[in-house]
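Inspection log for the structure reproduced underneath, given as structure tokens.
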Amino acid sequence: MDKTFNPQNIEQQRYQQWEKNGYFKASGKGDPYCILLPPPNVTGSLHMGHAFQHTIMDALIRYHRMKGDNTLWQCGTDHAGIATQMVVERQLNAQGKTRHDLGRDAFIDKIWEWKEESGGTITSQMRRMGTSPDWSREAFTMSDELSNAVKEVFVRLHEEGLIYRGKRLVNWDPVLHTAVSDLEVLNEEENGHMWHMRYPLEDGSGELIVATTRPETMLGDTAVAVHPDDERYQSYIGKQIRLPLTDRLITIIADDYVDPEFGSGCVKITPAHDFNDYDIGKRHNLEMINVFTDEAKINQNAPEKFRGLDRFEAREKVVQELEQLGLLVKVEAHKLKVPRGDRTGAVIEPYLTNQWYVAVESLAKPAIEAVESGEIKFVPENWNKTYYQWMYNIQDWCISRQLWWGHRIPAWYDEQQNVYVGRDEAEVRTKHQLADDVMLRQDEDVLDTWFSSALWPFATLGWPEETPELETFVPSSVLVTGFDIIFFWVARMIMMTKKFTGKIPFKEIYITGLIRDEQGNKMSKSKGNVLDPIDLIDGIELDALTAKRTAGMMQPQLAQKIAQRTQAQFPDGIAAYGTDALRFTFAAMASTSRDINFDMGRVEGYRNFCNKLWNASRFVLMNTEEQDTGLSGGELQLSLADKWIWAKFQQTLQAFESAIKDYRFDMAAQAVYEFTWNQFCDWYLELSKPVLNSEASSETQKRGTRHTLVNVLESLLRLMHPFMPYITEEIWQRVAPLCRNAQGQSIMIQPFPEQDSSLIDDQVLADIEWVKQVIVGVRNIRGEMDISPSKPLSVLLRNAGEQDLRRLKDTQLLLSRLARLEEIEILPTGEKGPASASAIVGEMEVLIPMAGLIDKDAELARINKAMEKLEGDMQRTEGKLNNQNFVSKAPPAVIDKEKAKLEEFRLQTEKLQEQKQTIENL
335 MDKTFNPQNI EQQRYQQWEK NGYFKASGKG DPYCILLPPP NVTGSLHMGH
385 AFQHTIMDAL IRYHRMKGDN TLWQCGTDHA GIATQMVVER QLNAQGKTRH
435 DLGRDAFIDK IWEWKEESGG TITSQMRRMG TSPDWSREAF TMSDELSNAV
485 KEVFVRLHEE GLIYRGKRLV NWDPVLHTAV SDLEVLNEEE NGHMWHMRYP
535 LEDGSGELIV ATTRPETMLG DTAVAVHPDD ERYQSYIGKQ IRLPLTDRLI
585 TIIADDYVDP EFGSGCVKIT PAHDFNDYDI GKRHNLEMIN VFTDEAKINQ
635 NAPEKFRGLD RFEAREKVVQ ELEQLGLLVK VEAHKLKVPR GDRTGAVIEP
685 YLTNQWYVAV ESLAKPAIEA VESGEIKFVP ENWNKTYYQW MYNIQDWCIS
735 RQLWWGHRIP AWYDEQQNVY VGRDEAEVRT KHQLADDVML RQDEDVLDTW
785 FSSALWPFAT LGWPEETPEL ETFVPSSVLV TGFDIIFFWV ARMIMMTKKF
835 TGKIPFKEIY ITGLIRDEQG NKMSKSKGNV LDPIDLIDGI ELDALTAKRT
885 AGMMQPQLAQ KIAQRTQAQF PDGIAAYGTD ALRFTFAAMA STSRDINFDM
935 GRVEGYRNFC NKLWNASRFV LMNTEEQDTG LSGGELQLSL ADKWIWAKFQ
985 QTLQAFESAI KDYRFDMAAQ AVYEFTWNQF CDWYLELSKP VLNSEASSET
1035 QKRGTRHTLV NVLESLLRLM HPFMPYITEE IWQRVAPLCR NAQGQSIMIQ
1085 PFPEQDSSLI DDQVLADIEW VKQVIVGVRN IRGEMDISPS KPLSVLLRNA
1135 GEQDLRRLKD TQLLLSRLAR LEEIEILPTG EKGPASASAI VGEMEVLIPM
1185 AGLIDKDAEL ARINKAMEKL EGDMQRTEGK LNNQNFVSKA PPAVIDKEKA
1235 KLEEFRLQTE KLQEQKQTIE NL
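So the sequence shown is numbered by my numbering: it starts at 335 and just counts up by one.
If you want it as structure tokens, here you go:
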């Protein structure tokens, strides 16, 4: 093995071998285990959220593959209607063209051309993360197979009356000229205004004051509403108002929706331009007057003087006219939630248009029952409340979009605007007996991307054909996804899969947290706090780092932090942590928390963990390669330490599998880390040396320890493989030939280690724990008294019981070698012994006589000097924290840091005081 672990030298080569050998495919044997990859957008690139979720999914897939399950990770990408169309339109715009210059068919061809050339970025990046889906089954929502499934579902639902066309209010993006889903709308607080206006009564008996944040919409008002119990306005209900700036009369109505405490208690009602007003309009059968065009300009339904004006120009003109008429009471600064399109940034308009809808009530009922009955389980369980909240208040689903890229709605119109739905035009003509000379025009709209995504659990497995995959892998085992799409995707998959297969789509839904930056802020390009997973894996050169900072893609503080770490740790100027370190970081952070603050320091720590494992493996190989490890038979005599490490491994294996079952990847990672670093590397390797290096050890003892070294390491590599695939494969290739049970060409097709509780011997565990405590006690005394680690010491044992004496007899060689002891003496009962430093092990005391070991006066002088320095540090820190000017201005994180420093100074002082007292008593 190379002296140092260099992930760049192994990762891509290993991955190509795995994929080439077909290891990612379902075996066809064992119990079915399936995960559906939430299809990333074909336009996308791998971000931290993807990397996090893909790590979790791959860990589960690799684990169940090794457990012998018939494991399928079904992957694919989403055609991403809006995003993809925008990408190609921008390319055309750069050439001075629009999609209309090309026409629909040519534009669609252009998108397919782009998809073939540039649409595979995210799948290549997934490979860099070591993910192991069955790429041979990679699906695409616009492929012929999935498109046929989409048409089939649409036609069947329409035939049952569950898909219909109607005029309703939708979220409208005036730049894209299409309806968009709630998920594509960002509601952020912005500074705005509240305009208070007079609405005079038609009979001249008074006026009402209404307030609005969008005065231009008054041109479409069809009522003013008050609360039915508001005594101020009882006499006004039913009267009419001549709507200012228009020549229309509107009525004063009573509705419970109105809050009498807000503003004047009077609310203008614009049913065609506000979702709440729309509901009120339906309740009171109000006229719905749309005053906007598709581009959010004023249309023919408004007075002529406003027609053609952009909505914000119209706002200025409306306010100006009201002011001139004396109808503007006041204007107040007001913070409000402004809905903006996530793609365009344009303010979204509630807009009344004809769209296609799915009537979801009958689909929702079995989907609710599936979760209520426990047939589908949310992890953590509290997310089912979020699911119920939406499902119990579910509205019909708008599934049409005014785009060109997507599944075109399979509906045709004749010249009389009669609509016919079918799988294709030929079926429509046959089904409805339409002559060849009847002109038909296909609907221009396409389906919402979420419509095809809702079919993902069964369309990707061959539906509507009755395929073996459909029979085997529906339901799938677990869906790993974020909480933000429980409504838009998870619920719809449950509804559609139940409807068309009669089965649930998945048995469990593991909801992950959201990856945020170190300060807990959401990662976004606009904030400049985005980290690229590939940069963390491969490293980022300082020049590229500077370019990102200059382009505003990275905050100067974040760029500086990365640069400092790069220069400090990586001489070639590239901070490359490798895939395994990043994956283990994600696993270790995968708690049940909703938000996960990503700490780069942990990636560095787990890169060191990789180095630790690498170096430990080199030690094992140096002591076992070309040596007898029991492969050819022969007696094996296991030492106490050998039996102990097998017992600890079994405990770790049990903890790991229990944590995986509960989706506690953080606890599984902690169990692996603790065993590898502290038990195997730090203790067992040291405990093995006395056997390997002692002339007193027999060949059967040495063979037993060599056998334990390679076989525990090989088992550990298999345990770690789901989290850290590359380093475990690389080391396994060297270790496997030395082990009895390792067969095959790759670790990823090896069986997962099996639990064997018979290997857990409580007495062995207690005996080695006693050894460790004695050794640690001696080492602590050395450190506290500044005694050289290499200096042999004499030790006295006081109050040693029968168990202590037995353990001493069995482990004296280990104690002498590892604690550097030249003599161990048992003090007679009741004898105090000479002046000594001591450590407690159970009821026994470990005493090290200090005579001749230290210069008492010099040591006291050293301690006093250290305590004086700490006292000065404490005074300065306390001064800061007692300074109100500092406390009022400093960020909370800085104050917390100063408090932590003060506590550390106090702990250090207490420790030095104990040392001083010990030395004074010598």
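All C-beta atoms, glycine included, are put in the ideal place defined by N, C-alpha and C.
Please read all numbers here as calculations on a predicted model, not as lab measurements.
Distance, Cα to Cα, residue 1045 vs residue 1066? Numbered from 1 along the sequence shown, position 711 holds the residue referred to as residue 1045. Numbered from 1 along the sequence shown, position 732 holds the residue referred to as residue 1066. Rounded to the nearest whole angstrom, the CA to CA distance from residue 1045 to residue 1066 is 11 Å.
Mark residue 1090 as exposed unless 16 or more other C-beta atoms lie within 10 angstroms of its C-beta, in which case mark it buried. Your numbering for residue 1090 matches position 756 in the sequence shown. Under this definition residue 1090 is an exposed residue.
In terms of residues, what are the limits of the alpha helix (DSSP H) holding residue 541? As a first step, residue 541 must be located in the sequence shown, where it is residue number 207. Boundaries around residue 541 are those of the beta strand (DSSP E), 541–546, since no alpha helix (DSSP H) includes it.
Report yes or no: do the segment 364–374 and the segment 795–813 share at least 3 C-beta pairs separated by less than 8 Å? Flag = yes, the segment 364–374 and the segment 795–813 touch.
Let me know if residue 446 comes out buried or exposed under the rule of 16 or more other beta-carbons within 10 Å of its beta-carbon. Position 112 of the sequence shown, counting from 1, holds the residue named residue 446. The residue in question, residue 446, is exposed, as its Cβ has fewer than 16 Cβ neighbours within 10 Å.
Does residue 387 pass the burial test, meaning 16 or more other C-beta atoms within 10 Å, or should it be called exposed? The sequence position of residue 387 within the sequence shown is 53, counting from 1. Buried.
Quick check on residue 1071: buried or exposed, where buried means 16 or more other Cβ atoms within 10 Å of its Cβ? Stepping through the sequence shown from its first residue, residue 1071 is reached at position 737. Exposed, since its Cβ has fewer than 16 Cβ neighbours within 10 Å.
Short Cβ contact (8 Å threshold) for residue 1145 with residue 1110: As a first step, residue 1145 must be located in the sequence shown, where it is residue number 811. As a first step, residue 1110 must be located in the sequence shown, where it is residue number 776. Between residue 1145 and residue 1110, the C-beta spacing is not below 8 Å.
Could you check what DSSP says for residue 500 in three-state terms: helix, strand or coil? Locating residue 500 in the sequence shown gives position 166, where the first residue counts as 1. The DSSP-derived three-state label of residue 500 is strand.
Rounded to the nearest angstrom, what separates residue 359 and residue 1025 at their Cα positions? Here residue 359 is taken as the residue at index 25 of the sequence shown, counted from 1. Here residue 1025 is taken as the residue at index 691 of the sequence shown, counted from 1. One C-alpha to the other measures close to 45 Å.
What whole-angstrom Cβ distance do residue 863 and residue 892 have, given they're in contact under 8 Å? Working through the sequence shown from its first residue, we reach residue 863 at position 529. Working through the sequence shown from its first residue, we reach residue 892 at position 558. Indeed they touch by this definition, with Cβ atoms about 6 Å apart.
Distance CB(residue 849)-CB(residue 476) smaller than 8 Å: To locate residue 849, count along the sequence shown from 1; it is residue 515. To locate residue 476, count along the sequence shown from 1; it is residue 142. Judged by beta-carbon spacing, residue 476 lies beyond the 8 Å limit of residue 849, meaning their Cβ atoms are not closer than that value.
Which listed residue (464, 419, 418 and 397) has its alpha carbon closest to that of residue 352: Within the sequence shown, numbered from 1, the residue matching residue 352 stands at position 18. Just measuring C-alpha positions, the residue of 464, 419, 418 and 397 sitting nearest residue 352 is 464.
Would the beta-carbon of residue 1068 fall within 8 Å of that of residue 1204? As a first step, residue 1068 must be located in the sequence shown, where it is residue number 734. As a first step, residue 1204 must be located in the sequence shown, where it is residue number 870. When the beta-carbon positions are compared, residue 1068 and residue 1204 stay at least 8 Å from each other.
How long is the line joining the alpha carbons of residue 794 and residue 1148, rounded to whole angstroms? In the sequence shown, the residue the question calls residue 794 occupies position 460. In the sequence shown, the residue the question calls residue 1148 occupies position 814. If you draw a straight line from the Cα of residue 794 to the Cα of residue 1148, it comes to about 60 Å.
Cβ atoms of residue 597 and residue 561: under 8 Å apart, would you say? Indexing the sequence shown from 1 puts residue 561 at position 227. Indexing the sequence shown from 1 puts residue 597 at position 263. No, the Cβ-Cβ distance between residue 561 and residue 597 is not below 8 Å.
Pairwise C-alpha distance: residue 1102 and residue 1124: Within the sequence shown, the letter at position 790 stands for residue 1124. Within the sequence shown, the letter at position 768 stands for residue 1102. Approximately 23 Å, taken between the alpha carbons.
How would you call residue 413, buried or exposed, if buried means at least 16 neighbouring beta carbons within 10 angstroms? Along the sequence shown, read from residue 1 onward, the residue named residue 413 stands at position 79. Result: buried.
What first and last residue would you give for the beta strand (DSSP E) that runs through residue 482? Numbered from 1 along the sequence shown, position 148 holds the residue referred to as residue 482. Residue 482 -> not in any beta strand (DSSP E); alpha helix (DSSP H) instead, spanning 478–493.
Beta bridge counterpart(s) of residue 524 as assigned by DSSP: What you label residue 524 is simply residue 190 of the sequence shown in a count that begins at 1. The partner list for residue 524 (beta bridge, DSSP) reads 670.
In chain order, which continuous runs of the beta strand (DSSP E) of length 3 or greater are located wholly inside the segment 638–698? Here the runs fully enclosed are 662–675 and 683–692.
Alpha-carbon spacing of residue 338 relative to residue 948, whole angstroms: The residue labelled residue 338 in the question sits at position 4 within the sequence shown. The residue labelled residue 948 in the question sits at position 614 within the sequence shown. So the alpha carbons of these two residues sit roughly 7 Å apart.
To the nearest angstrom, how far is the alpha carbon of residue 565 from that of residue 929? For the purposes of this step, residue 565 is taken as residue 231 along the sequence shown, with counting starting at 1. For the purposes of this step, residue 929 is taken as residue 595 along the sequence shown, with counting starting at 1. So the two alpha carbons sit approximately 48 Å from each other.
Measure the CB-CB distance between residue 632 and residue 606 and report whether it falls below 8 Å. Looking up residue 632 in the sequence shown gives position 298. Looking up residue 606 in the sequence shown gives position 272. In this structure, residue 632 keeps its C-beta atom at 8 Å or more from the C-beta atom of residue 606.
Who are the near neighbours of residue 1074 in its chain, counting only those whose CB is closer than 8 Å to its CB and skipping five residues on each side? Counted from its first residue, the sequence shown places residue 1074 at position 740. Excluding positions up to five away in sequence, the list reads 964, 965 and 1045.
Say whether chain D places a C-beta atom closer than 8 Å to the C-beta of residue 920. You won't find chain D in this structure, because it holds only one protein chain.
6 Å CB neighbourhood of residue 403 in its chain, flanking five on each side removed: Here residue 403 refers to the residue found at position 69 when the sequence shown is read from its first residue. Closer than 6 Å at Cβ, skipping near neighbours: 364, 365 and 367.
Does DSSP classify residue 616 as helix, strand or coil? For the purposes of this step, residue 616 is identified with residue 282 of the sequence shown, where counting begins at 1. Of the three classes helix, strand and coil, the one that applies to residue 616 here is helix, per DSSP.
What whole-angstrom Cβ distance do residue 1159 and residue 1130 have, given they're in contact under 8 Å? As a first step, residue 1159 must be located in the sequence shown, where it is residue number 825. As a first step, residue 1130 must be located in the sequence shown, where it is residue number 796. Yes, they are in contact, since the Cβ atoms of residue 1159 and residue 1130 sit about 5 Å apart, within 8 Å.
What residues in its chain sit with their C-beta under 7 Å from that of residue 855, if we drop five residues either side in the sequence? What you label residue 855 is simply residue 521 of the sequence shown in a count that begins at 1. 861 and 863.
Could you check whether the segment 777–789 touches the segment 815–825, counting it as contact only if at least three pairs of C-beta atoms, one from each stretch, sit closer than 8 Å? Yes: the two stretches touch, three or more of their Cβ pairs being nearer than 8 Å.
So what does DSSP say about residue 1010, is it helix, strand or coil? For the purposes of this step, residue 1010 is identified with residue 676 of the sequence shown, where counting begins at 1. Taken through DSSP and simplified to helix, strand or coil, residue 1010 comes out as helix.
Give the DSSP-derived three-state secondary structure of residue 560 in the structure shown. The count along the sequence shown starts at 1 and reaches residue 560 at position 226. When secondary structure is reduced to three states using DSSP, residue 560 falls in the strand class.
If you reduce the DSSP assignment to three classes, tell me which class residue 414 lands in. Within the sequence shown, the letter at position 80 stands for residue 414. Three-state DSSP puts residue 414 in coil, outside helix and strand.
Using the Cα positions of residue 697 and residue 727, report the straight-line distance between them to the nearest angstrom. Against the sequence shown, residue 697 aligns to sequence position 363. Against the sequence shown, residue 727 aligns to sequence position 393. Cα to Cα, the separation comes out at about 13 Å.
Mapping DSSP to helix, strand and coil, what is residue 754? If you number the sequence shown from 1, residue 754 lands on position 420. The DSSP-derived three-state label of residue 754 is strand.
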